[in-house]
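**Student:** Here it is: the structure, laid out below.
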Amino acid sequence: MRIKAHAPRSKRIKRVPKMPTSTSTILWCRSGSGLASVAADHVAALLARKPGAVIALPTGQTPLGLYAELVARAAAKRLSAAQARFFNLDDYLGVSADHPLSYARFLREHFLRPAGVAEEHIRLLRGDAVGIEEECRDYEAAIEAAGGLDLAILGLGTNGHIGFNEPGSDWSAQTHVVSLSEETRATHVAQTQGKFVIPEYGITVGISTIVAARAVLLLVAGRGKACALAAFRRGIPDPKWPVTALLTHRNLTVLADAELQSATVADGTVPR
Ligand code: GLP
Numbered sequence: 055m056r057i058k059a060h061a062p063r064s065k066r067i068k069r070v071p072k073m074p075t076s077t078s079t080i081l082w083c084r085s086g087s088g089l090a091s092v093a094a095d096h097v098a099a100l101l102a103r104k105p106g107a108v109i110a111l112p113t114g115q116t117p118l119g120l121y122a123e124l125v126a127r128a129a130a131k132r133l134s135a136a137q138a139r140f141f142n143l144d145d146y147l148g149v150s151a152d153h154p155l156s157y158a159r160f161l162r163e164h165f166l167r168p169a170g171v172a173e174e175h176i177r178l179l180r181g182d183a184v185g186i187e188e189e190c191r192d193y194e195a196a197i198e199a200a201g202g203l204d205l206a207i208l209g210l211g212t213n214g215h216i217g218f219n220e221p222g223s224d225w226s227a228q229t230h231v232v233s234l235s236e237e238t239r240a241t242h243v244a245q246t247q248g249k250f251v252i253p254e255y256g257i258t259v260g261i262s263t264i265v266a267a268r269a270v271l272l273l274v275a276g277r278g279k280a281c282a283l284a285a286f287r288r289g290i291p292d293p294k295w296p297v298t299a300l301l302t303h304r305n306l307t308v309l310a311d312a313e314l315q316s317a318t319v320a321d322g323t324v325p326r
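As structure tokens, then:
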């Protein structure tokens, strides 16, 4: 397969001058269950206001509590996601939807099926699509046809990635194939206890797709995220830290683990 991955462009991108930080505030959560519950309140409020909301979902350890909470609320009939439409943020390239590494599989298992979302309301990236560039275009068209994202829920990579938009990514990109960084692959090898060969490439919605969402909910948990969160809190958009692309978003909510509030990061910076 011929792969055209977007090469990191950090050398070609000038550091963006300091801009006013977004109006977002970080809500510090004392426990994982607290973070999950506040995040679920956020999603529930959107679904109450707009039952057919269009939502992009993240994978990873961080959103697991949110998914469990949403599933529990759906089971107790305190929330319905039945009319909402769901997309995901990313997946590994070349991995089919039934593979244990598949993000599509993860989301179906942990949220979409137990929450009772019908398949016709789900469009997930096909990491194993034969024409991958066509798949990227088709995915963007599907988001647009759904009316655009009402909410993008994001996790955060240790290197500041959002979705699979790695440091140096083009902030104007839409859905595309990416070359995964060594750091990202090493993290995923550790998370899967070395049981799988982690693919070299991923497919991800681009940063421009994410920032076009009408609202963004960023979930940050785990001490490994201290550097990335510190970069975000410095308030300077910087292509080396993709998460800083969110700084100017008009409707961003950040929920973070309280232990990160005073965490010291490797370069000696104490996050403000
Ligand atoms: C992966 C995914 C990201 C996710 C990140 C954080 O790299 N591509 O979309 O946000 O992991 O995962 P975790 O929540 O397990 O730290």
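Just so you know, the sequence shown maps onto residues 55 to 326 in the working numbering. Built from N, CA and C at the ideal position, the CB exists for glycine as well.
1. Which complete alpha helix (DSSP H) runs does the region 274-326 hold, if anything under 4 residues is left out?
2. With which residues is Tyr-255 paired in a DSSP beta bridge?
3. Examine ligand 1 and report whether any of its heavy atoms sits within less than 7 Å of the Cβ of His-215.
4. Rounded to whole angstroms, what's the CA-CA distance from Gly-278 to Asp-311? Just pull it up for me.
5. Is it the case that the CB of Gln-247 approaches a heavy atom of ligand 1 more closely than 7 Å?
6. CB Leu-143 to CB Gly-201, shorter than 8 Å?
7. With DSSP as the reference, please indicate the residues paired to Asp-144 in a beta bridge.
8. For Gly-256, is the classification buried or exposed, using 16 other Cβ atoms within 10 angstroms of its Cβ as the cut-off for buried?
9. Let me check you understand the geometry: is the CB of Phe-218 closer than 7 Å to at least one non-hydrogen atom of ligand 1?
10. Where does Pro-296 land, buried or exposed, given buried means 16+ other C-beta within 10 angstroms?
11. If you count every other CB in all the chains shown that lies within 10 Å of the CB of Gln-228, and 16 or more means buried, which is it?
12. Answer yes or no: do Arg-127 and Ala-98 have a C-beta to C-beta separation smaller than 8 Å?
13. Which residue's Cα is closest to the Cα of Gly-114: Gly-170, Asp-145 and Glu-254?
14. Let's see if you can read the secondary structure: which residues bound the beta strand (DSSP E) around Val-108?
15. Quick one: using the 10 Å Cβ neighbour count with 16 as the cut-off for buried, is Asn-213 buried or exposed?
16. Can you grab the Cα-Cα spacing for the pair Trp-225 / Ile-261, in whole Å?
17. Using CA atoms only, rank isn't needed, just tell me which of Ala-195, Leu-124, Lys-249 and Asn-219 is closest to Leu-133.
18. Are the beta-carbon atoms belonging to Ile-264 and Asp-204 less than 8 Å from one another?
19. I need the straight-line Cα distance from Cys-83 to Ala-196, nearest angstrom please.
**Tutor:** Considering the structure as presented:
1. Whole alpha helix (DSSP H) segments, 4+ residues: 280-288.
2. Working through the sequence shown from its first residue, we reach residue 255 at position 201. Its beta-bridge partners are Ser-233.
3. Position 161 of the sequence shown holds residue 215. Answer for His-215: yes, Cβ within range of ligand 1.
4. Here residue 278 corresponds to residue number 224 of the sequence shown, with the count starting at 1. Here residue 311 corresponds to residue number 257 of the sequence shown, with the count starting at 1. The straight-line gap from Cα to Cα measures roughly 11 Å.
5. Working through the sequence shown from its first residue, we reach residue 247 at position 193. Not one heavy atom of ligand 1 sits closer than 7 Å to the Cβ of Gln-247.
6. Counting from 1 along the sequence shown, the entry for residue 143 is found at position 89. Counting from 1 along the sequence shown, the entry for residue 201 is found at position 147. No, these two residues do not count as a Cβ contact at 8 Å.
7. As a position in the sequence shown, residue 144 is number 90, starting the count at 1. Asp-144 pairs with Thr-258.
8. By one-based count along the sequence shown, residue 256 stands at place 202. By the Cβ neighbour-count rule, Gly-256 is buried, with 16 or more other Cβ atoms within 10 Å of its own.
9. On the sequence shown, residue 218 is found 164 positions in, with the first residue counted as 1. True, at least one ligand heavy atom lies under 7 Å from that Cβ.
10. Here residue 296 corresponds to residue number 242 of the sequence shown, with the count starting at 1. Counting of Cβ neighbours within 10 angstroms places Pro-296 among the buried residues, the total reaching 16 or more.
11. What you label residue 228 is simply residue 174 of the sequence shown in a count that begins at 1. Buried.
12. Taking the sequence shown and counting its residues from 1, one reaches residue 127 at position 73. Taking the sequence shown and counting its residues from 1, one reaches residue 98 at position 44. Yes. Within cutoff.
13. For this step, residue 114 is matched to residue 60 along the sequence shown. Comparing alpha carbon positions, the residue from Gly-170, Asp-145 and Glu-254 closest to Gly-114 is Asp-145.
14. Within the sequence shown, the letter at position 54 stands for residue 108. It spans 108-111 - the beta strand (DSSP E) in which Val-108 sits, taken as one unbroken run.
15. Here the question's residue 213 lines up with position 159 in the sequence shown. Buried is the call here.
16. In the sequence shown, counting from the first residue as 1, residue 225 sits at position 171. In the sequence shown, counting from the first residue as 1, residue 261 sits at position 207. C-alpha separation (whole angstroms): 5 Å.
17. Taking the first residue of the sequence shown as 1, we reach residue 133 at position 79. Cα-wise, what sits closest to Leu-133 is Leu-124.
18. In the sequence shown, residue 264 corresponds to position 210, counting from 1. In the sequence shown, residue 204 corresponds to position 150, counting from 1. No, the pair does not count as a contact, with Cβ atoms beyond the cut-off.
19. Reading the sequence shown from its first residue, position 29 is the one you call residue 83. Reading the sequence shown from its first residue, position 142 is the one you call residue 196. Distance between the alpha carbons of Cys-83 and Ala-196 is about 34 Å.
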